[in-house]
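Below is one structure, written out as structure tokens, with a few remarks after it.
Protein chains in written order, with our numbering: chain A, 114 to 280; chain B, 3 to 274.
Written as structure tokens, this is what we have:
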């Protein structure tokens, strides 16, 4: 840990070898695009490198912290203007290439996503929106047109289920 | 709060997955120092999550590592030479949009302020311009009036200067209401036009008008009525071909066919 805070290159090399796969997976699951995922992963490691001081071991494991850095970076990208614009341009190509999604279906059947499919549909959609799209409970209530209280209850229940499936 | 219920409520997962709100995070962090079992539940879920992520990780392309580490070296050099200050909590891609947004906000505020400033200046100038135009119009009107007046006086002066003009001084009748009255008739000996100058006469009472008479062979002939008006020095009266004297009486408005002798104010004989 001290080596990381000293920004020791060997320590980062170890960190990368050890964690890049897990972080890459979550990033890919969020941005759904290999090229973009590569850019985001680069930013994730830059962010980890820059913000390592703000990591507090008392508040959780290093991996949990890095996972949230990765998730936030991926969601920021998803929500950035440049991405939204490129997405509009891509819609046509995506519609044409319905058959060519083998790598993406692959990424959607592992990790949390694998557990997600076992949830009830109304629970699954909320976790998708909250965890993989980064919407707040209020935004989800708007999108799904259900009361905020229902959103909170469903997400809580979904999380309880998730924990059981993950065991 | 029952800590077991709290642990089973989904709060732990929400906290670890980063789905908790600021408030929920604060609650969680205040609770776990006092409750080792909450801490244990958190550690457990973190481990489960981490193991899951490891077991099924998709490895990034191999060349990405060298790309990322060369980027880290650049960052590291920057940090050591101190050329760039790194703000740890700001993600790199959001720095420029924020500066641009901040700059445009400042520009917007400045431009709005300038607009208000210029608008108030504009209104000020409009008011002042209107005032100037009004003053100018007033001055032009005054100048016009003065010119007319000067022309009047010049024509009067022309008349008085004329050597062919006979002057008949008429002085106050001692028995009249105003013995100090005085008028002068300027009588053009060629055209026989009669002009009256009022030197001094009391203001006519309401419903009354002064009337000028020419005395021709002992008989009074009407030479016209007049009012005393400020600014009009000479009043042109009726043309009188011949007369031996002139007199003024105060008559009812519009004049009388014959003079009221006891209301005679002034009289003067034609000399020469």
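Yeah, the Cβ is synthetic: ideal placement off N, Cα and C, and Gly gets one too. Here the structure is a predicted model, which is why all the values come from computation and not from measurement.
| Query | Result |
| --- | --- |
| Can you tell me which residues form a DSSP beta bridge with residue 222 of chain B? | B:217 |
| Check the Cβ-Cβ distances between residue 6 of chain B and every residue of chain A, and say whether any is below 8 Å. | no |
| By Cβ distance, which residues of its chain are closer than 7 Å to residue 195 of chain B, with the 5 residues on each side in sequence left out? | 238, 241 |
| State the DSSP-derived secondary structure class of residue 214 of chain A, mapped to helix, strand or coil. | Residue placement at residue 214 of chain A is poorly supported in this model, since its pLDDT is 42, which falls under 50; the coordinates still yield a value, given next. Here residue 214 of chain A sits in coil by DSSP. |
| With 8 Å as the threshold, decide whether the Cβ of residue 64 of chain B is near any Cβ in chain A. | no |
| Measuring alpha carbon to alpha carbon, tell me which residue in A:153, A:167, A:197 is nearest residue 66 of chain B. | A:153 |
| What are the boundary residues of the alpha helix (DSSP H) that includes residue 183 of chain A? | 175-192 |
| What would DSSP say about residue 42 of chain B, mapped onto helix, strand or coil? | helix |
| For the region 142-160 of chain A against the region 179-186 of chain A, do three or more pairs of beta-carbon atoms, one drawn from each stretch, fall closer than 8 Å, so that the two count as touching? | yes |
| Could you tell me the boundaries of the alpha helix (DSSP H) in which residue 10 of chain B lies? | 5-10 |
| Where do the ends of the beta strand (DSSP E) carrying residue 202 of chain B lie? | 196-202 |
| Please specify which runs of the beta strand (DSSP E), each continuous and at least 3 residues long, are wholly inside the region 99-175 of chain B, giving them in chain order. | 167-174 |
| Could you say if the region 11-29 of chain B and the region 37-50 of chain B meet the contact criterion of at least three C-beta pairs nearer than 8 Å? | yes |
| Taking only three categories from DSSP, how would you classify residue 252 of chain B? | strand |
| So the alpha helix (DSSP H) residue 123 of chain A belongs to, where does it begin and stop? | 122-144 |
| Which residues, in order along the region 5-26 of chain B, keep a beta-carbon less than 9 Å from a beta-carbon of chain A? | 10, 11, 12, 13, 14, 15, 16, 17, 18, 19, 20, 21, 23 |
| Are the beta-carbon atoms belonging to residue 169 of chain B and residue 268 of chain B less than 8 Å from one another? | no |
| Mind reading off the beta-carbon distance from residue 264 of chain A to residue 273 of chain A? Whole number of angstroms is fine, and I expect it under 8 Å. | Incorrect: roughly 15 Å between the Cβ atoms, too far for contact. |
| Taking 8 Å as the threshold, find out whether the region 149-157 of chain B comes into contact with the region 124-135 of chain B through three or more Cβ pairs. | no |
| Can you give the Cα-Cα distance for residue 31 of chain B and residue 23 of chain B, rounded to whole angstroms? | 12 Å |
| Going by alpha carbons, who is nearest to residue 265 of chain B out of B:256, B:186, B:250? | B:250 |
| Taking the Cβ atom as the reference point for each residue, do residue 199 of chain B and residue 212 of chain B lie within a distance shorter than 8 Å? | no |
| Using a beta-carbon distance cut-off of less than 8 Å, what residues from the region 31-57 of chain B approach chain A? | 31, 44, 45, 47, 48, 49, 50, 51, 52, 54, 55, 56 |
| Tell me the residue span of the alpha helix (DSSP H) that contains residue 17 of chain B. | 13-18 |
| Rounded to a whole number of angstroms, what is the C-alpha to C-alpha distance between residue 106 of chain B and residue 249 of chain A? | 28 Å |
| Is there at least one non-hydrogen atom of the ligand HEM closer than 7 Å to the beta-carbon of residue 237 of chain A? | The ligand HEM is not among the ligands present in this structure, which contains no ligands whatsoever. |
| Is there a Cβ from chain A that is less than 8 Å from the Cβ of residue 104 of chain B? | no |
| Three-state secondary structure (DSSP) at residue 227 of chain B? | strand |
| Can you say whether residue 48 of chain B is buried or exposed, counting buried as having 16 or more other CB atoms within 10 angstroms of its CB? | buried |
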